[in-house]
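Using the UniProt record's numbering, read the sequence shown as starting at 1 and increasing by one per residue.
To start, the structure itself, in structure tokens.
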Amino acid sequence: MVLQYRYDDKKNGRSGSGALRGVCACAAGLPCAPADRQENTLIPWCLPHTANRHNNWAGLYGRISWDGYFSTTVTDPEPMGKQGRVLHPDQPRVVSVRECARSQGFRDSYLFAGSVLDKYRQIGNAVPPPLGAALGREIKKALSAS
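Encoded structure:
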């Protein structure tokens, strides 16, 4: 994927070198210096400046696929986190608490307590209810057979 920024800086125009504001030279494969780190731009400075050391930040800002599955249900739905994809398939937001709960198999009637982050943590740390029920049935079956 090639990073291209095609819009002139309306406030200051192009820099003296012809580069556009908001895109570092390292995004095009050229060397950069720590002073090149851009602040308050569309692309967080850490993504292009450290991508080579971190597998091009695979998984960051990952969008869940409608046809796919949740690779993991996380305790903190942070788009910069590498634990799993947390962006909604169509909308510009992270998945909701209820959507995470559904991914774990919780019924819509199940209520979680605490702040929004507490709810994400409860869901992410939980054993999925269908898995717990299946394990319980198998344990009961094993105990009944012996």
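We put the beta carbon where it would ideally sit given N, CA and C, even for glycine.
### Message
If I measure Cβ to Cβ from ASP8 and keep anything under 6 angstroms in the same chain, skipping five residues before and after, which residues do I get?
### Response
With a pLDDT of 48 at ASP8, under the threshold of 50, the modelled position of this residue cannot be trusted, and the question is left open.
### Beta carbon of PRO89 nearer than 8 angstroms to that of PHE106
no
### Query
If we count the other Cβ atoms within 10 Å of its Cβ and call it buried at 16 or more, is ARG85 buried or exposed?
buried
### Query
Do you know offhand how far GLN91's Cα is from THR72's?
20 angstroms
### Message
Looking only at its chain, what residues have a beta carbon closer than 6 angstroms to the beta carbon of CYS100, apart from the 5 residues adjacent to it on each side?
### Response
THR73 and ILE123
### Query
For the alpha helix (DSSP H) that ALA134 lies in, which residues bound it at each end?
129-145
#### Entry: Simplified DSSP assignment, three categories, for VAL116
helix
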